[in-house]
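I have placed the structure first, in the form of structure tokens, so that the comments after it can refer back to it.
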């Protein structure tokens, strides 16, 4: 595999056994994020290719100015000093370098025409009719869609379903392309994939040959550390072209982040934000370049919880701990939003509002929420039914749909039997989410779902 | 004439040579010709000529300035400014409550910053403004064009098309109630295709591209002189994760702000920026504040903060030199940015004449 970050091959090979030993190998090498160079970025374009003369480039490189980015970051006076040119000439040079870096202009009309030529590839239909209608077609190409929800809601099922759909021919609503599935939790099950395909499209997958060709088109990459995930995203550009990929799924971003960044350490906050923001911008770049849908399921708990007053957090913990403590000694970490909070002490489970919290930090929720374009939340309704909410979308209003998980994947339910199907929506970062609070009650799986209501911070 | 040689915009090496040869003031420099100059300080004849031309040009403009003809320095009285301000239009937002607290709408020649949590409607407002700036003058608009610089990738053409269609319908309904010729004529040019063709879209993937684009913006604006609105959607995004060096970031942001202010003034257009929110951790609580730090707060003249209150979206005017701080609710509908409650429809015909963009609300309308 091509080495893009410049590290020798042996180091990367060793990263696997190191990580299996449980060490957080990424934490020590956190500075490497900066060394990872994004392919295709205009910023790192060499000045030579921007049209500057060789002599000038040599002179500039003596001052360590080699890329367009370095050039544009200097002030006019500094530029005069390093180039030895007059004010007017420096302005002309700036113009030249800017022309080399600046994006091309399109009018909105041209963009619309481009979309109109290829209407079917603007969205990937989810075959969940109500959801498709709300989203104006389905999962949008060219932007990031996030699927989030508590564990067990069906995020991986949704991804498996979308993988099958992407490989279908265009006449059936698919994209007739390959799928790249970056799996960080080893949740991908090939048998389940085949089961979904067979039950959902029984008329299409009649022969084994069709099933095999579908599975051949889904490329699975298990990655277990942040660094590996980032490097994998780097190489995606070439893979997408060579394998004719139409759908990229990352399942899930949260688990690698949670594993490696201990939120109790203050320094890790910045690194974590940087990693997420870097990942988001890389994926956005890829999505736009290739106009493929990019899906990221899975902050298992919510990146919706950002800043909250102490009372709310206390309520959350208490509901869960007291329920679980009925006969079972289970840790509250099962649904801990440790991604988003840094707790030092949570004393007791009495529900009192005066509990001290240490301090709360909000980086993941806030930064990440700004980065994704569409957010779908999966949550529990009762034992069998679950709900999918469209929480953030540039084209869709707030909407909620019920579904169940069956052999064929996710199946939407009619809203008629459920009285509270309406949803006015609120801030996507503060959406209350129904979690499954009781795992076992009297020895049987029980189904109470509590709504965790969050109050806005200000 | 007594201007110091070192103060001219010459190359530093050249400057050093001139000072080394003993030239101190411009007068001394202008006495000799280019060939002599080149021999004396050891530069080529072309360079010498260029130097003399620069010096002459600067001195000339200095001279005209001192003789009392204000060529480059603009000087006017407050009365002239008042007349200019009153004649200047605003870009309406279609939410009359928001327009009211802004004093009529988004102002030209000023930078307006919109901060807010993700998903609250900043990009929706930007798309609405990009359409509203193109409303023809007879309907109360500016008949301008818009530049949209996108750093986050949240510009969706289909959504802009929906907003534009709703705006065209709104204007058509007004034209029907007024029955005047110029209304019909301007409606012919105000269509979905023309609206979309006059939104100039740039997609910047990182801060380098953003810097480059803002450097090139004045040239672009000279070619497209009808542009009255520049939107930068997501000024915070490229600066928040890529830059480790905070002092560099502050410097670049300040440079950007200055360039945008000078563009806004020189071309008489409005600049709208959107910013993200970040968390400030206090002693016992944490609050959401606009991102990019305190020093960035000085860049924008007018600051709007969008936030939630349970299920209602609110807009707060946080900073303005002429309007007072207030909060209004707003809605995002399939037609775009709108009021929560429609304005009172009890308007006399005379009022309707004055304000052509308001029309009487019909029953059962979806607003």
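Residue numbers (our numbering), protein chains in the order written: chain B, 1 to 458; chain V, 459 to 825. In this text, a Cβ means the ideal position worked out from N, Cα and C, and glycines have one as well. Just so it is clear, the structure is predicted and the values come from calculations on it, not from any experiment.
In terms of beta-carbon proximity, residue 136 of chain B lines the interface with chain V, with at least one pair separated by less than 8 Å. Within chain V, the residues 614, 616, 617, 620 have their CB atoms less than 9 Å from the CB of residue 395 of chain B, given in chain order. Rounded to whole angstroms, residue 144 of chain B and residue 669 of chain V show a C-alpha spacing of 25 Å. For residue 95 of chain B, the nearest CB of chain V lies under 8 Å from its own CB, placing it at the interface with that chain. Taking 8 Å as the CB threshold, residue 773 of chain V stays off the interface with chain B.
Around the beta-carbon of residue 592 of chain V, 16 or more other beta-carbon atoms lie within 10 Å, marking it buried. Residue 575 of chain V is positioned such that its CB atom lies no closer than 8 Å to that of residue 788 of chain V. Remark: C-beta atoms of residue 512 of chain V and residue 86 of chain B approach each other more closely than 8 Å. Around the C-beta of residue 472 of chain V, 16 or more other C-beta atoms lie within 10 Å, and the residue is accordingly described as buried.
Pairwise C-beta distances place the region 727-734 of chain V in contact with the region 558-573 of chain V, as three or more of them are shorter than 8 Å.
Among the residues of chain B, none has a CB under 8 Å from the CB of residue 724 of chain V; the nearest is roughly 16 Å distant. Excluding sequence positions up to five before and after residue 100 of chain B, its CB lies within less than 8 Å of the CB of 42, 45, 49, 50, 51, 68, all in the same chain and listed in chain order. Assigned with DSSP and collapsed to three states, residue 207 of chain B falls in coil, not helix or strand.
A direct Cα-Cα distance of roughly 13 Å separates residue 210 of chain B from residue 165 of chain B. When Cβ-Cβ separations below 8 Å define contact, residue 576 of chain V makes contact with chain B. Here residue 175 of chain B is not bridged, per DSSP, to any residue. Assignment of residue 750 of chain V by DSSP, reduced to helix, strand and coil, places it in the coil class. If you ignore the 5 residues before and after residue 229 of chain B, its C-beta comes within less than 6 Å of the C-beta of 223, 256, all in its own chain and listed in chain order.
Distance between residue 719 of chain V and residue 756 of chain V, taken at the CA atoms: about 12 Å.
In the structure shown, residue 146 of chain B adopts extended strand secondary structure according to DSSP, grouped into three states. For residue 789 of chain V, the uninterrupted beta strand (DSSP E) segment begins and ends at 785-791. If you check the CB distance, residue 682 of chain V and residue 603 of chain V come in under 8 Å.
The DSSP-derived three-state label of residue 573 of chain V is strand. Boundaries for residue 394 of chain B: no beta strand (DSSP E) harbours it, and the DSSP string shows neither H nor E there.
Nearest C-alpha to residue 724 of chain V among V:625, V:688, V:694, V:585: V:688.
Secondary structure within the region 535-614 of chain V: the alpha helix (DSSP H) runs of 4 or more consecutive residues, fully enclosed, are 536-545, 554-560, 580-590 (chain order). For residue 789 of chain V, no CB of chain B lies under 8 Å from its own CB, so it is not counted at the interface with that chain. Its chain contains 195, 199 as the residues whose beta carbon lies nearer than 7 Å to that of residue 407 of chain B, once the 5 sequence neighbours on both sides are disregarded; these appear in chain order. Among the CB atoms of chain V, one or more fall inside 8 Å of the CB of residue 285 of chain B.
Look at residue 761 of chain V: its C-beta is not under 8 Å from any C-beta on chain B.
At least one CB atom of chain B sits nearer than 8 Å to the CB of residue 655 of chain V. Residues of chain V with a Cβ closer than 9 Å to the Cβ of residue 392 of chain B are, in chain order, 576, 577.
For residue 413 of chain B, the closest Cβ of chain V is not nearer than 8 Å. Apart from sequence neighbours up to five positions away, the residues of its chain that approach residue 82 of chain B with a beta-carbon distance below 8 Å are 59, 60, 63, 65, 74, ordered along the chain. Excluding residues up to 5 positions away in sequence, 509, 512 lie with their Cβ nearer than 7 Å to the Cβ of residue 468 of chain V in the same chain.
Identification of residues in the region 461-494 of chain V having a C-beta nearer than 7 Å to some C-beta of chain B yields 467, 468, 469, 470, 471, given in sequence order.
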